[in-house]
Amino acid sequence: MSFSECLSELEGIVRMMESDKCDIDQLAAYTTRATVLLDTCRSKLTATDRELQKILSGTGENS
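For what it's worth, my numbering labels the leading residue of the sequence shown as 1105, then goes sequentially.
1. Is the Cβ-Cβ distance between E1113 and L1149 less than 7 Å?
2. Can you give me the C-alpha to C-alpha distance between L1111 and L1160, rounded to a whole angstrom?
3. Reducing DSSP to helix, strand and coil, say where M1121 ends up.
4. Quick one: grab the DSSP three-state call for S1106.
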C-alpha cells in the first residue's frame, strides 16, 4: 500500500470517527486499523528520510 493510499484511508477513518455516523460498535476496529495505517506511514516516512539523507550526504562529499 502506498503512502498516499494509507493517508487517504486514515483521513477517511478520522472523518468517520469525528462524524455523528460513527458506529460505536466499530470504534475499536477503526482505531486498530488507524494504528496500523499510522505505523505504515511512519515507516515509509522514515525510510524516505534515510534515503534522502544518504543521497544528500553523497552530494555533499562530491562538492
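Think of the CB as a built atom: it goes at the ideal place given N, C-alpha and C, for glycine as much as any other residue.
In this structure, then:
1. no
2. 26 Å
3. helix
4. coil
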